[in-house]
Amino acid sequence: MTKITENNLQDIISETEFSNITFSGIDFSNYKFDTKKIHDCIFEKCNLSNISVKNTCFNNVEFIKTKILGVDFCVVKDLLLYFNFKDCMITLCSFNEMNLKNIGFGASDIFESNFTGTNLTGADLSFSDLDKSIFLSSNLTKTIFTGAMNYSINPLNNTLEKTKFSRDNVFGLLDSFDIIVE
């Protein structure tokens, strides 16, 4: 796998396809990834704030300890879509109506992001902080929330079957009900 940093980024930035590349410590703020094909790549400790990903194809892409702010993932090309997030800061991102089956978000901070109508069947959100993120009409079948915190999920407005939660944090399922737990 080729490693690309700020020092050698200019050598490949105009390419339409990125394959077998580790992007390390690069500030991609406001960059347009539109229509690019990105496969078998890793973004590690990068800044992806306000990037554009219209018709971008992500296949087997990992984001590790990366900041992702204000990205509308709904406009990516969903053919062969597969990516994972590990220990990332994901804020104000939209994943509406996406098929994110078996996607990993493990140990990430996912703040104020939108998962309305999203298929998260088998997804792993374990040990993630989901403060102010929205889950509405989402399929959370077999989704793993073990160790996750600060989520607010209405069981009446989402599909929950064999969904895994930690006992200590399960109160996020009661937020939408007008009840008092003492």
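Everything in the sequence shown is counted per this note's numbering, starting at 1214 for the first residue and increasing by one.
From the three backbone atoms N, C-alpha and C, an ideal C-beta is built for every residue, glycine too.
Please read all numbers here as calculations on a predicted model, not as lab measurements.
Given that a residue counts as buried once 16 or more other Cβ atoms are within 10 Å of its Cβ, and exposed if not, what is Thr-1218?
With fewer than 16 Cβ atoms within 10 Å of its Cβ, Thr-1218 is classed as exposed.
Is the shortest distance between the beta-carbon of Leu-1282 and the beta-carbons of chain B less than 9 Å?
Although the question refers to chain B, the structure presented lacks it and comprises just one protein chain.
Go through the region 1221–1259 residue by residue and report every complete run of the beta strand (DSSP E) that reaches 3 residues or more, in order.
1230–1232, 1234–1237, 1250–1257
Whole angstroms is fine: what's the gap from Ile-1387's alpha carbon to Asp-1300's?
The amino acid occupying residue 1387 in the given sequence is Leu; Ile does not appear at that position. If I take the Cα positions, the gap works out to 27 Å.
When the Cα of Ser-1346 is compared with those of Cys-1287, Thr-1304, Phe-1236, Ala-1336, which residue comes out closest?
Closest option to Ser-1346, judged by alpha-carbon separation, among Cys-1287, Thr-1304, Phe-1236, Ala-1336: Thr-1304.
Terminal residues of the continuous beta strand (DSSP E) containing Cys-1301?
From DSSP, Cys-1301 is part of no beta strand (DSSP E); its letter is neither H nor E.
Name the two residues that bound the continuous beta strand (DSSP E) containing Phe-1271.
1270–1277
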